[in-house]
Amino acid sequence: MFFLGAVGTINYTSALFGGIIISLSITFTEVLAVFFFHEKFDGEKGVALALSLWGSASYFYGEYKTTQKSKANAMEVRRLRSSVLVSSQAVDEDDG
Numbered sequence: 000m001f002f003l004g005a006v007g008t009i010n011y012t013s014a015l016f017g018g019i020i021i022s023l024s025i026t027f028t029e030v031l032a033v034f035f036f037h038e039k040f041d042g043e044k045g046v047a048l049a050l051s052l053w054g055s056a057s058y059f060y061g062e063y064k065t066t067q068k069s070k071a072n073a074m075e076v077r078r079l080r081s082s083v084l085v086s087s088q089a090v091d092e093d094d095g
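Under numbering that gives the first Met the number 0, the first residue of the sequence shown carries the number 0, and numbering increases by one thereafter.
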């Protein structure tokens, strides 16, 4: 069922989003296996969990920074356009 859901996610969204979902589900699967199946949480699982969480956190932080940068660029473009518009109107008034 899980594989079918992952394939459906990739089919209807994108492979990147499918990869993110699989990465996050691996993290939850490890934690749930320790609680429900009483598996040992040894060093290998700890390292895998830490790397999975680190990768997910860095991806989302990178997306956040990219979004903030694009918003700042859009605001700068709007500010420059409005200043160009105001200066061109001032030149037109001086000519008239």
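Built from N, CA and C at the ideal position, the CB exists for glycine as well.
Where do the ends of the alpha helix (DSSP H) carrying residue i lie?
| i | result |
| --- | --- |
| Thr26 | Ala14 to Phe35 |
Less than 8 angstroms between the CB atoms is what I'm expecting for residue i and residue j, so what's the real figure, rounded?
| i | j | result |
| --- | --- | --- |
| Met8 | Ile25 | The residue asked about is misnamed: residue 8 is Thr in this sequence, not Met. Actually they are not in contact, since the Cβ atoms of Thr8 and Ile25 sit about 14 angstroms apart, beyond 8 angstroms. |
| Glu29 | Lys44 | 6 angstroms |
| Ala5 | Gly17 | 6 angstroms |
| Ser22 | Gly54 | 6 angstroms |
From the DSSP output, in three-state form, read off residue i for me.
| i | result |
| --- | --- |
| Lys64 | helix |
| Lys70 | helix |
| Phe59 | helix |
| Glu75 | helix |
| Lys44 | helix |
Please report the straight-line C-alpha distance between residue i and residue j, rounded to a whole angstrom.
| i | j | result |
| --- | --- | --- |
| Leu15 | Tyr58 | 11 angstroms |
| Leu129 | Ser81 | Given that the chain is displayed from residue 0 to residue 95, the structure contains no residue 129 and the question cannot be resolved. |
| Ser60 | Lys68 | Reading off the sequence, residue 60 comes out as Tyr, not Ser. Taking the straight line from one Cα to the other gives about 12 angstroms. |
| Ala49 | Asp41 | 12 angstroms |
| Val76 | Thr66 | 15 angstroms |
| Arg78 | Asn72 | 10 angstroms |
| Lys70 | Lys64 | 10 angstroms |
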